[in-house]
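First the structure, in the form of structure tokens, and then the observations on it.
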Amino acid sequence: MTAWLAGMQITADRLNNDTPTTTTAGLTAATGFSVNSFSGYRVGNMIVLDLYLNRTGANITATTGNISDTQIATVPAGWRPTSGTINSTWDNGAAEGGWVIGTDGICTLRTASDTITSGSNLRLHVGFIVD
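Heads up, the working numbering is the position in the sequence shown plus 120, with the first residue counted as 1.
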């Protein structure tokens, strides 16, 4: 990645030298979940993550859109936010809700529009800028 310094001229080579980094490894499912797939994409200071997990534990019952905060996975080092907690959304085709990822890489379900049933597949997506 080009480190821009005072007096540098913008050139095509300088604009096009960011080599994207990708990963499909390192996501650890929390108890009660299993990983179907994981992909991470990074270019410069931008990270995009797609998590696809299966609920293997008991149903998580939603009450008026609220569920107990439920850890779902941990993202590998180097693919985590560097400051603060990032919020995003998830869905499984029948329910949807919010989740967060912290600087420790822990992904936590926070809300759900309906009960998350055992055996359902959850799709989580988030993009964020790192320092």
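Ideal placement from N, C-alpha and C gives every residue a C-beta, glycine not left out.
Whole-angstrom distance between residue j and residue i, CA atom to CA atom
{"i": "valine 250", "j": "threonine 194", "result": "17 Å"}
{"i": "leucine 147", "j": "aspartate 170", "result": "10 Å"}
{"i": "glutamine 191", "j": "threonine 144", "result": "20 Å"}
{"i": "threonine 131", "j": "tryptophan 199", "result": "29 Å"}
{"i": "alanine 178", "j": "phenylalanine 248", "result": "31 Å"}
DSSP state of residue i mapped onto helix, strand, coil
{"i": "alanine 214", "result": "coil"}
{"i": "alanine 197", "result": "coil"}
{"i": "alanine 149", "result": "strand"}
Sub-7 Å separation of residue i and residue j beta-carbons
{"i": "isoleucine 206", "j": "valine 168", "result": "no"}
Buried versus exposed call for residue i [16 or more other C-beta atoms within 10 Å across all chains shown]
{"i": "glycine 204", "result": "exposed"}
{"i": "glycine 127", "result": "exposed"}
{"i": "asparagine 186", "result": "exposed"}
Of the listed residues the options, nearest to residue i (C-alpha basis)
{"i": "proline 196", "options": "Ala182, Tyr161, Ser188 and Asp189", "result": "Tyr161"}
{"i": "threonine 181", "options": "Arg230, Gln129, Thr139 and Ser159", "result": "Arg230"}
{"i": "threonine 184", "options": "Glu216, Asn241 and Ser154", "result": "Glu216"}
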